[in-house]
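Using my numbering, read the sequence shown as starting at 108 and increasing by one per residue. Every residue, glycine too, gets a C-beta built ideally from N, C-alpha and C. For clarity, every value in this text was computed on a predicted model and none was experimentally measured.
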Amino acid sequence: MMDRILNNKWSIRILALVLAAILFTSVNTDNKNSGGTFQTTTQNDTEVVQNVPVEVYYDKKNLYVSGLPETVSVTISGPRSIVQNTKAQQDFKVYADLRNASIGEQNTKLKIKNLSNRLKATISPQTVKVNVQEKVTKKFSVDAELSSSAIASGYKAGNIKISPGKVSVTGAKDTIEEIAYVKANVDDNKKHKDDFEAEATVSAFDRNLNKLDVEISPQKVNVKVSVNKVGKSVPLKLKAEGNLPDNISIQSMTTDQDEVVVVGDDDVLKDIDQITVNVPVSSLTADTVKEVKIPVPSGAKAVQPSSIEVRIKTAKKSSGDENSSNESGNGNEEAEENHSSGNTNEQSDSGQENNEEDTESSKTLSGHTISTGSLPANLTATLISPANGKVNLTLHGKSSLLNGLNSSNVSVTTNLANATVGRYSTMIEVGGIPRGVTYSLSTSTAVFTVEEKK
108 MMDRILNNKW SIRILALVLA AILFTSVNTD NKNSGGTFQT TTQNDTEVVQ
158 NVPVEVYYDK KNLYVSGLPE TVSVTISGPR SIVQNTKAQQ DFKVYADLRN
208 ASIGEQNTKL KIKNLSNRLK ATISPQTVKV NVQEKVTKKF SVDAELSSSA
258 IASGYKAGNI KISPGKVSVT GAKDTIEEIA YVKANVDDNK KHKDDFEAEA
308 TVSAFDRNLN KLDVEISPQK VNVKVSVNKV GKSVPLKLKA EGNLPDNISI
358 QSMTTDQDEV VVVGDDDVLK DIDQITVNVP VSSLTADTVK EVKIPVPSGA
408 KAVQPSSIEV RIKTAKKSSG DENSSNESGN GNEEAEENHS SGNTNEQSDS
458 GQENNEEDTE SSKTLSGHTI STGSLPANLT ATLISPANGK VNLTLHGKSS
508 LLNGLNSSNV SVTTNLANAT VGRYSTMIEV GGIPRGVTYS LSTSTAVFTV
558 EEKK
């Protein structure tokens, strides 16, 4: 039977047709079942690559280009595997070709290279406005600018030394001509009370303090800042406040802080010569140490320190002393006298006689000329503040100490050893003052214009 079928030509043809139909159906079914797999391998994807650097090609020797963004965003799309690999490698480049650009402002289109031809890319921004100008390099002196919280309250910057004092600024010719200030910004918020040193970034600004697009070399400079106390040193006077217990008397009130610094404007400080500190004594029963707040004089901004410790030495009264105390009503006057002398009544009388002969006093040396010293030989300095080159110097102390002091033996000087070219500020120093004498100046800082000798 099988031999007969196989030997029949038509039987073989029909059998071949059936087998072909079965094979076609089988292949078509497999393709449908595996169609999702093939579709996945050819699926497209889109990604955004951020912060892609922009390169620029131009005549760097003679021209300067400003206005180009430092980075751009690039959106790439195409086969997923290529997109992901390109995003990870970021081996493509974004650039602006200005080799044939003319002088002046113009729009230029950013381009991309080294990108697979199977990917599409969009740059954002695609077109930018640039300014092509003649390249100029010029040297500028640097001024320091301190943040508002770099110096602690009650202190101020004295001498400021910048190294190097000059920087080279390169940019478009018209931009260089707009430069009004070159500043080193000291971004320091540590509220310094002592001299400090910091690294500062240098920037250039126009007269309206708009930052200019230029290159500065070096970009960073070293800034040394001396820190000085501001205000006026004045003595303290301790005064007992309140009614003493009947059986207690005060022998002495003392403190390690003989004087404090009052912070404020010069026109307010000139009228402040002493601060009275009230010490509560109503609850005294024995020797004690009290922390007392120092009052801020009217018009002043602050007092440093803001409080002091007062040591109070007491004594028990006898019955006779108590009666005397009752007749007087309170012990405030006695407490003040005892604070001043710290001794017995007989000794207080003696001290009183001495005070009449040698009292606390003040003496003003008006129009004292400021002298300068230690200026480097290659520099010249012109005093611009105070404008007349003179200050008023007020001395405080015992009359016996003040009597012999005058303009010939008390010096008012400035030290210009660390002066640098440009505007230079320094503290005014006073010499020849004996121990026990304090002083205040009508202004504590002198400002100079320093130039190189020609």
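For residue i, the residue or residues it bridges with in DSSP
i: Lys-423; result: Ile-355
i: Gly-529; result: Val-557
i: Ile-382; result: Leu-343
i: Leu-391; result: Note: Leu-391 sits in no beta bridge, so no partner.
i: Ser-473; result: The partner list for Ser-473 (beta bridge, DSSP) is empty, contrary to what the question assumes.
i: Lys-246; result: Ser-275
Neighbourhood of residue i by C-beta distance below 8 angstroms, restricted to the same chain and skipping five residues each side
i: Val-201; result: Val-159, Pro-160, Val-161, Glu-162, Val-179, Val-181, Leu-217, Lys-218, Ile-219 and Ile-230
i: Asn-513; result: Leu-472
i: Glu-241; result: Asn-169, Leu-170, Tyr-171, Ile-210, Ala-279 and Lys-280
i: His-475; result: Lys-497, Val-498, Asn-499, Leu-500, Ser-514, Val-517 and Val-519
i: Gly-185; result: Asn-151, Asp-152, Ser-223, Arg-225, Leu-226 and Lys-227
i: Ile-477; result: Leu-490, Pro-493, Gly-496, Lys-497, Val-498, Val-519, Thr-520, Thr-521, Ile-535 and Ala-553
Cutoff 6 angstroms; reference residue i; Cβ partners in own chain excluding five residues on either side
i: Thr-545; result: Ser-340 and His-503
i: Lys-408; result: Val-370 and Gly-371
i: Ile-491; result: Val-554 and Thr-556
i: Arg-314; result: Ala-287
i: Thr-562; result: Residue numbering for the chain in the displayed model covers 108 to 561; residue 562 lies beyond these limits and cannot be assessed.
i: Asn-214; result: Thr-234 and Lys-236
i: Asn-187; result: Checking the sequence shown, residue 187 turns out to be Arg, not Asn. So the qualifying residues of the chain are Gln-150 and Asp-152.
Residues of its chain near residue i, where Cβ-Cβ distance is below 7 angstroms and the 5 sequence neighbours each way are ignored
i: Asp-294; result: Ser-254
i: Gln-326; result: Thr-308 and Val-309
i: Glu-306; result: Lys-327 and Asn-329
i: Gln-459; result: Low local confidence applies: a pLDDT of 40 at Gln-459 is under 50, so the model's placement there is unreliable, and no value is given.
i: Lys-268; result: Lys-331, Asn-525 and Thr-527
i: Leu-175; result: Val-161, Val-163, Ala-203, Val-235 and Val-237
i: Val-399; result: Val-384, Val-386, Ser-414, Ile-415 and Val-417
i: Asp-380; result: Val-341, Ser-469 and His-503
Boundaries (first-last residue) of the beta strand (DSSP E) holding residue i
i: Ala-287; result: Neither: Ala-287 is in no beta strand (DSSP E) and is coded neither H nor E.
i: Leu-170; result: 170 to 173
i: Ser-275; result: 273 to 279
i: Gly-265; result: 262 to 270
i: Tyr-546; result: 545 to 548
i: Gly-211; result: 211 to 216
Terminal residues of the alpha helix (DSSP H) in which residue i lies
i: Ile-189; result: 187 to 196
i: Val-375; result: 373 to 376
i: Leu-508; result: 506 to 509
Burial state of residue i (16 or more Cβ within 10 Å)
i: Asn-445; result: The predicted position of Asn-445 is uncertain, since its pLDDT is 38 and thus under 50; no value can be drawn from it.
i: Tyr-164; result: exposed
i: Thr-421; result: buried
i: Asn-266; result: buried
i: Ser-405; result: exposed
i: Thr-466; result: exposed
i: Ser-547; result: buried
i: Ile-535; result: buried
i: Lys-263; result: buried
i: Leu-124; result: exposed
i: Val-155; result: exposed
i: Ser-481; result: exposed
i: Ser-507; result: exposed
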